[in-house]
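Just so you know, the sequences run in chain order A and B. Going by the working numbering, the first residue of the first sequence is number 3, and it counts up by one from there. Going by the working numbering, the first residue of the second sequence is number 75, and it counts up by one from there. Every residue, glycine too, gets a C-beta built ideally from N, C-alpha and C. Model, not experiment: these values are computed from the prediction.
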Amino acid sequence: MFKKIGFRLIFAVALTSLTIIGVFAYFNVQSHSRGLLHEVERHANQLGETVISSTRFDMMLNQRDRIQQVINSIGTQPQIRDVRILNKVGKIIYSSDTTNINQMVDKKAESCYACHSANAPLEKISITARTRIFQIDSGSSRVMGIITPIYNGKSCWQAACHVHPKDQKVLGVLDVTISLAEVDETIQKSELEIVVFALVAILGVGLLIGFFVRRWVSLPINSLLSATKQVSMGNLNYSIKNMGDDEIGMLAYSFNNMTKKLSEARMQLFQSDKMASLGRLAAGVAHEINNPLTGVLTYSSFLLKRTQDNAEYQEDLKVIVRETLRCREIVKSLLDFARQTVPKKNYADINEIIERAIGVIENQLSLNKVKIIKELDNYLPKITVDANQIQQVFINLFVNASDAIGENGGALTVTTHQISLSPYGVAQIKKALCPKRHSLIDNDFKIGGLPSLKVKVISENNDGIIHLDPVYGKHRNHFDLGFSVTKDAKFVCPDCNISLILNNKRCPECGSALLAFETNGQGIYEVCSSEKNNWEKWEFVDSAGLSEYIEIKINDTGSGINSEDLSKIFEPFFSTKGQKGTGLGLAVIWGIIDNHNGTITVESEVGKGTTFVIRLPLTQQR
Amino acid sequence: MSKAADILVIDDEQVVRDAVVKITMLDNYTVDAAANVKSAIEKISKNYYAIIICDIMMPDGDGFQILEELHNRNIGSSVIMTTGYSTVENAVNSLYNGALDFIPKPFTVDELLSSVFRASKYQRIKKKQKQFLGKNDDVELLYVTCPAKYLRLGYASWIYEERVGSVLLGVCDLFLKTIESVKEIELLKAEEVLMQGISCISITSIAERIHKILSPVSGRIVEVNENLLNNSSLIEKDPYFEGWVYRVIPTDIEYEKKHLIKDSSELL
Numbered sequence: 003m004f005k006k007i008g009f010r011l012i013f014a015v016a017l018t019s020l021t022i023i024g025v026f027a028y029f030n031v032q033s034h035s036r037g038l039l040h041e042v043e044r045h046a047n048q049l050g051e052t053v054i055s056s057t058r059f060d061m062m063l064n065q066r067d068r069i070q071q072v073i074n075s076i077g078t079q080p081q082i083r084d085v086r087i088l089n090k091v092g093k094i095i096y097s098s099d100t101t102n103i104n105q106m107v108d109k110k111a112e113s114c115y116a117c118h119s120a121n122a123p124l125e126k127i128s129i130t131a132r133t134r135i136f137q138i139d140s141g142s143s144r145v146m147g148i149i150t151p152i153y154n155g156k157s158c159w160q161a162a163c164h165v166h167p168k169d170q171k172v173l174g175v176l177d178v179t180i181s182l183a184e185v186d187e188t189i190q191k192s193e194l195e196i197v198v199f200a201l202v203a204i205l206g207v208g209l210l211i212g213f214f215v216r217r218w219v220s221l222p223i224n225s226l227l228s229a230t231k232q233v234s235m236g237n238l239n240y241s242i243k244n245m246g247d248d249e250i251g252m253l254a255y256s257f258n259n260m261t262k263k264l265s266e267a268r269m270q271l272f273q274s275d276k277m278a279s280l281g282r283l284a285a286g287v288a289h290e291i292n293n294p295l296t297g298v299l300t301y302s303s304f305l306l307k308r309t310q311d312n313a314e315y316q317e318d319l320k321v322i323v324r325e326t327l328r329c330r331e332i333v334k335s336l337l338d339f340a341r342q343t344v345p346k347k348n349y350a351d352i353n354e355i356i357e358r359a360i361g362v363i364e365n366q367l368s369l370n371k372v373k374i375i376k377e378l379d380n381y382l383p384k385i386t387v388d389a390n391q392i393q394q395v396f397i398n399l400f401v402n403a404s405d406a407i408g409e410n411g412g413a414l415t416v417t418t419h420q421i422s423l424s425p426y427g428v429a430q431i432k433k434a435l436c437p438k439r440h441s442l443i444d445n446d447f448k449i450g451g452l453p454s455l456k457v458k459v460i461s462e463n464n465d466g467i468i469h470l471d472p473v474y475g476k477h478r479n480h481f482d483l484g485f486s487v488t489k490d491a492k493f494v495c496p497d498c499n500i501s502l503i504l505n506n507k508r509c510p511e512c513g514s515a516l517l518a519f520e521t522n523g524q525g526i527y528e529v530c531s532s533e534k535n536n537w538e539k540w541e542f543v544d545s546a547g548l549s550e551y552i553e554i555k556i557n558d559t560g561s562g563i564n565s566e567d568l569s570k571i572f573e574p575f576f577s578t579k580g581q582k583g584t585g586l587g588l589a590v591i592w593g594i595i596d597n598h599n600g601t602i603t604v605e606s607e608v609g610k611g612t613t614f615v616i617r618l619p620l621t622q623q624r
Numbered sequence: 075m076s077k078a079a080d081i082l083v084i085d086d087e088q089v090v091r092d093a094v095v096k097i098t099m100l101d102n103y104t105v106d107a108a109a110n111v112k113s114a115i116e117k118i119s120k121n122y123y124a125i126i127i128c129d130i131m132m133p134d135g136d137g138f139q140i141l142e143e144l145h146n147r148n149i150g151s152s153v154i155m156t157t158g159y160s161t162v163e164n165a166v167n168s169l170y171n172g173a174l175d176f177i178p179k180p181f182t183v184d185e186l187l188s189s190v191f192r193a194s195k196y197q198r199i200k201k202k203q204k205q206f207l208g209k210n211d212d213v214e215l216l217y218v219t220c221p222a223k224y225l226r227l228g229y230a231s232w233i234y235e236e237r238v239g240s241v242l243l244g245v246c247d248l249f250l251k252t253i254e255s256v257k258e259i260e261l262l263k264a265e266e267v268l269m270q271g272i273s274c275i276s277i278t279s280i281a282e283r284i285h286k287i288l289s290p291v292s293g294r295i296v297e298v299n300e301n302l303l304n305n306s307s308l309i310e311k312d313p314y315f316e317g318w319v320y321r322v323i324p325t326d327i328e329y330e331k332k333h334l335i336k337d338s339s340e341l342l
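Here is the structure:
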């Protein structure tokens, strides 16, 4: 539960708001209670002054009963706990609580302490010093006491009673104590209110954050998660539905893009494999069929020659010869498809090849009212290709486009430009040497049609050869040893048994030994020796950065291809032209482009047209 | 060397051997057969065959070994290569390595017979030439050889590189001498595409034999010799100059040149 990102977020937000509200509430309550106490204090002070001035006249006349009466009546007010007047030596002279009268108050008592803390008593003190808050006993509410000194005045020592001598400064103090029960209750109430408010606020914020986190984070992440699960199970056609344009939406978009590219790459690889095996099959079949076909064709044409006077036989034999010739043409196109020869590559200008291809079928295109739009990049570098084969590719694609456009006319757009793509999964190790300069390239063991790298493994009493994929980033390594490789196994050159293990470096992913190959002018190629790990590094290629490709787009405004057919169009014998075609054209094109280490992809929309995209590497690997 | 038969057919397929025997017997040739490279070389070393019809792919080797063997032993048989795996490369390599002709399987009776016809005529010209050279110091050739700077595919077709980047394409005189007089020439049209090693000219002789000529280059035809269309005998009168056939923009001439023969001295 706590591992959920939503919960963590809510927790963090709640903690933050709790802190903020707590601090705010603390200071708020503080200032509130200070204000209240201040008010009570002012009130008490005023009360003290009022008592003194209202009893002054009675004091002059020394009418003590009246003074006591005033104090009694003030003392009956509900908030006022006690009103006392103490004389200079601490004797209670008047008190609202009459039982206290004539009792002595100690100098250390709350009422006296403020002035008598020093040796010589203070004569004038500020209002705050005169005020104190205390609890009489632990169970009762707080009490505020305020003392108001009664100063000696001219009228006092000149009065008839002559009670006070002239040199006395302070005659006594009025001590008023007010119960703070009501104030304390108010403060407690506001504290409770703030706590309740804080809790409600945190709960509210939590729920709100929870709702948005769920909506903006949890749900999209869950759908991303289920998408990655789908992809890891091999369903590369899975795509996440539109998730908005925030970061997660962008992530989903880029995820979709990645799976699309992956699925394309897988298709290409799959197609490549299929084509190669089909090619071998076709070549084998064609060769095998041609021999018996020679028998049929020679004997039938032989009979045709010998039965020239028999019209009845002639008719039938002509059919046999004609149909056998038809077989010959079919097998011939099969062979064209299967031809696995190395292309005759030369330095050529793709734009020129396109121009030539257009030149060849210009007449046919103009007959079909096809407008040719050329958007050729004039600064395209030359490229090593089999000009004939590439021209054949263009011609075939143009003819297909023309067929798709039909008789009503349309446009054929050819675009060329240069693009950059990552070399990973493309670059090939063509030369690999051991430290003693023995070649480690095994021409007899090919991976993906390319000579592999051979390494001898010596593990305990066993030894054998492993073959590594020569294509950087493809990892189609062959570890068919028949015994398990121990941790301290040796990986050596099959010719001289010199170790190929790097001494000062281990695989950063699994810690296994690393094998190093000198690639003859292209730096060192490093690869993890473990069968289970695919770590590899080829600094030279990595530092070279992106590889350059020439991209050729051929777009037509024809009838388009429906998505069902679109996945099959590069398969041999797949044709939408019925009797008109053998269904080998695009398969042959595919083979040619593959032979050039290039790729061909197609996009199409029924009724709108079709676009073929061909990418040819600027520098040839093979 | 005793003369056992006119023709040796080398093929691992019984049906093909039988068919070749039957067909060539139509034109009264005597035929011997070998089923593999080993027995073929045995037969070649024992007897002289004017014509050898040789398959390329056999279980114990390929037809190119036979060509090499003939070359090493200096045997002047005319070799017609044939294969079920009929690729352009096989055709061009065969002709470059001394074969007289290449016919892809499956072939018809007429295709084989016209090839055999040319081969035997070639042998006769060769024989005659030898006698001629033996008698007379004042060498007079029975045919016109390729001019200098011309390149040819086998003994059949030639190209001449023009300065403007195009090439002229024509038929060698020796090839024309191995067929009867030309009755009709069937040509491709301008803008059509040639492939090296694929038939590009078809000549029908007055004996109604059809002789196909393999193209020495790949490229696009930009011009067809109009004069030749009007007057087909021009090709026989002046095969290297007025009798040119196509003007071609080649696509990959630098590569294809490797399989063309440069020297003007012809096979004999």
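Just the chain B side, please: which residues come within less than 9 angstroms of Q393 of chain A by C-beta, in chain order? Correct list: V267, R294, T325.
DSSP beta-bridge partners of Q430 of chain A: Under DSSP, Q430 of chain A forms a beta bridge with A:V473.
Strictly below 9 angstroms CB to CB, what residues from chain A border A93 of chain B? Simply T296, G297, L299, T300, Y301, F304.
Under a three-way DSSP split, which group does T326 of chain A fall into? Three-state DSSP puts T326 of chain A in a helix.
DSSP three-state label for L88 of chain A, please. Collapsing the DSSP output to three states places L88 of chain A in a strand.
Residues from the region 298-321 of chain B in contact with chain A, defined by Cβ distance under 8 angstroms: Against chain A - using a Cβ distance shorter than 8 angstroms - the region 298-321 of chain B contributes no residues.
Looking at S531 of chain A: is its Cβ nearer than 8 angstroms to the Cβ of L516 of chain A? Yes; because the gap between Cβ atoms is below 8 angstroms, this pair is in contact.
At a CB-CB cut-off below 9 angstroms, which residues of chain B make contact with V362 of chain A? Result: E265, E266, V267, R294.
Does the CB of T343 of chain A have a neighbour CB from chain B at under 8 angstroms? Summary for T343 of chain A: the model assigns pLDDT 48, below 50, so the residue's position carries little reliability; its value from the coordinates is reported in the next sentence. Against chain B, the CB of T343 of chain A has a partner CB under 8 angstroms away; the residue lies at that interface.
Along chain B, in chain order, which residues have C-beta atoms closer than 8 angstroms to that of A285 of chain A? Within chain B, the residues Y159 have their CB atoms less than 8 angstroms from the CB of A285 of chain A, given in chain order.
Note the first and the last residue of the continuous beta strand (DSSP E) segment covering G141 of chain A. That residue, G141 of chain A, is in no beta strand (DSSP E); it is neither H nor E in DSSP.
Indicate whether I138 of chain A and A46 of chain A have their beta-carbon atoms separated by less than 8 angstroms. Contact: no.
Could you please give the first and the last residue of the uninterrupted beta strand (DSSP E) stretch that includes N420 of chain A? First, the residue type needs correcting, since residue 420 of chain A is Gln and not Asn in the sequence shown. Where Q420 of chain A is concerned, the enclosing beta strand (DSSP E) stretches over 412-423.
3 or more residues per run - each beta strand (DSSP E) lying fully within the region 276-340 of chain B: Taking only runs of at least 3 residues, the beta strand (DSSP E) segments lying wholly in the region 276-340 of chain B are 284-288, 293-298, 320-324.
K243 of chain A at chain B interface by Cβ criterion, 8 angstroms: At least 8 angstroms separates the CB of K243 of chain A from every CB of chain B.
Cβ of N390 of chain A within 8 angstroms of any chain B Cβ: It does: the Cβ of N390 of chain A has a partner Cβ on chain B nearer than 8 angstroms.
If the criterion is Cβ atoms closer than 8 angstroms, does the pair S143 of chain A and L182 of chain A meet it? In contact: S143 of chain A and L182 of chain A (Cβ atoms closer than 8 angstroms).
Let's test the definition: count the other Cβ atoms within 10 Å of the Cβ of A193 of chain B and tell me whether it reaches 16, buried, or not, exposed. With 16 or more other Cβ atoms from the protein chains shown falling within 10 Å of its own Cβ, A193 of chain B counts as buried.
Contact list for T326 of chain A against chain C, beta-carbon separation under 8 angstroms: Absent from the structure is chain C; the protein chains it does hold are A and B.
Are there three or more Cβ pairs, one per stretch, closer than 8 angstroms when the region 155-162 of chain B is compared with the region 115-130 of chain B? Contact between the region 155-162 of chain B and the region 115-130 of chain B is present, because at least three Cβ pairs lie under 8 angstroms.
Closer than 9 angstroms at the beta carbon, the chain A residues around D184 of chain B: Residues of chain A passing the Cβ test: S303, K307.
Going by CA-CA distance only, name the one from A:L442, A:S225, A:V207 that's closest to N244 of chain A. When the alpha-carbon of N244 of chain A is set against those of A:L442, A:S225, A:V207, the nearest one is in A:S225.
Cβ pair A165 of chain B, G271 of chain B closer than 8 angstroms: It is a contact, given that the beta carbons lie within the stated cut-off.
Whole-number beta carbon distance between E316 of chain B and V256 of chain B, since they are thought to touch under 8 angstroms: Their Cβ separation, rounded to whole angstroms, is 14 angstroms, which puts V256 of chain B and E316 of chain B out of contact at 8 angstroms.
DSSP three-state call for R508 of chain A: helix, strand or coil? Three-state result, R508 of chain A: strand.
By the criterion of Cβ-Cβ separation under 9 angstroms, what are the contact partners of E87 of chain B in chain A? Listed along the chain, the chain A residues whose CB falls inside 9 angstroms of the CB of E87 of chain B are N293, P294, T296, G297.
Same chain, Cβ closer than 6 angstroms to T343 of chain A, five either side skipped, listed in chain order: Low confidence applies to T343 of chain A: its pLDDT is 48, below 50, so where it sits in the model is not reliable enough to give any reading.
Boundaries of the beta strand (DSSP E) in which Q137 of chain A is found, first to last residue: Looking at the DSSP string, the run of the beta strand (DSSP E) that includes Q137 of chain A is 133-137.
Could you check whether V190 of chain B and Y103 of chain B sit closer than 8 angstroms to each other, using their CB atoms as the reference points? Taking 8 angstroms as the cut-off, the Cβ atoms of Y103 of chain B and V190 of chain B count as close.
When the distance is taken between beta carbons, is I95 of chain A closer than 8 angstroms to N89 of chain A? Against a cut-off of 8 angstroms, the Cβ pair of I95 of chain A and N89 of chain A comes out as a contact.
Hey, does N597 of chain A have any beta-carbon neighbour from chain B nearer than 8 angstroms? No, no contact with chain B.
Contacting residues, own chain, Cβ-Cβ under 8 angstroms from I82 of chain A (five flanking each side not counted): For I82 of chain A, where only same-chain residues beyond five positions count, the Cβ hits under 8 angstroms are L49, I76, S98, V178, T179, I180, S181.
Can you tell me whether F206 of chain B is buried or exposed? The criterion is at least 16 other CB atoms within 10 Å of its CB, across all chains shown. Looking at its Cβ environment, which holds fewer than 16 other Cβ atoms inside 10 Å, F206 of chain B is exposed.
Can you determine whether any heavy atom of the ligand MG sits closer than 7 angstroms to the C-beta of L283 of chain A, and answer yes or no? This structure does not include the ligand MG; it has no bound ligands of any sort.
Given 8 angstroms as the limit, is there contact between the region 245-262 of chain A and the region 287-305 of chain A, that is, 3 or more CB pairs closer than that? In short, these stretches do not touch, since the Cβ pair count stays below three.
Suppose you measure from the CA of I291 of chain A to the CA of V333 of chain A; what does that come to, to the nearest Å? Between I291 of chain A and V333 of chain A, the C-alpha separation is close to 8 angstroms.
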